[in-house]
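First the structure, in the form of structure tokens, and then the observations on it.
In the working numbering, the protein residues as written are 2 to 200.
Below is the structure:
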């Protein structure tokens, strides 16, 4: 199951790219980043270009099925072993999942299965939890329902706002995704993705 070559990552982005920057800054013999794809022009693309990584933009169209097919083809140009949704704000559809299912991972700012969806931080605060955190999970056809790969807890302070709590979760998230990427194992015969246990 082990590979002597770095795994090849393609990242999907939509925003500022702080999570992507952590991924780019920590490339080593475990993984490399061949391509960054966005659904719109965004600062994350500038971060990728500054790091010498190729970029593409596949803007959303009214025909979501067609867009998913176009996105899948663009990602394919990076020949990914693994696809990382790094702040990508679009739901991946059937055409994309059919091609890359089992090889797409995402980060979420809560301890799944609690508080899935677009407002995980706000929902956790509103519920009154004392601990939340960050989850790295596989992407499937549901919303934040894929198998969990890794989690790390973040305490909720009494005076936390959504912004202050989210910022602390992001700091944990950046370290967690790098830790996960350094534990990827690819079966070169099947393309199956697995993760070694944390050291």
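Glycine included, every Cβ here is placed at the ideal spot set by N, Cα and C. This one's a predicted model, so the numbers in the text were calculated from it and none came from an experiment.
| Asked | Found |
| --- | --- |
| Between the alpha carbons of residue 4 and residue 183, how many angstroms are there, rounded? | Note that residue 4 scores a pLDDT of 47, beneath 50, so its modelled location is shaky; the value from the coordinates is reported in the next line. Approximately 12 Å between the Cα atoms of the pair. |
| In this structure, does DSSP put residue 4 in helix, strand or coil? | Annotation note: pLDDT 47 at residue 4 (below 50); position unreliable, no value reported. |
| List the whole-angstrom C-beta distance separating residue 17 from residue 44, where the pair is believed to meet the contact cut-off of C-beta under 8 Å. | 5 Å |
| Does the distance from the C-beta atom of residue 151 to that of residue 177 stay below 9 Å? | yes |
| Report yes if the C-beta distance between residue 81 and residue 9 is below 9 Å; otherwise report no. | yes |
| So what does DSSP say about residue 134, is it helix, strand or coil? | strand |
| Verify whether the separation of the beta carbon atoms of residue 59 and residue 107 is less than 9 Å. | no |
| So residue 104 packs on residue 164, CB below 8 Å; how close in whole Å? | The pair is not a contact, with the Cβ atoms about 33 Å apart (cut-off 8 Å). |
| To test your reading of the DSSP string, which unbroken alpha helix (DSSP H) runs of 4 or more residues are found completely within the stretch 26–62? | 44–51 |
| In three-state terms, what does DSSP make of residue 184? | coil |
| Can at least three beta-carbon pairs, one atom from the stretch 47–61 and one from the stretch 31–38, be found at a separation below 8 Å? | yes |
| DSSP has residue 86 in a bridge; who is on the other side? | 13 and 107 |
| Taking 9 Å as the cut-off, decide whether the C-beta atoms of residue 89 and residue 40 are in contact. | yes |
| The alpha helix (DSSP H) with residue 127 in it runs from where to where? | 121–128 |
| Helix, strand or coil for residue 192? Go by DSSP, reduced to three states. | coil |
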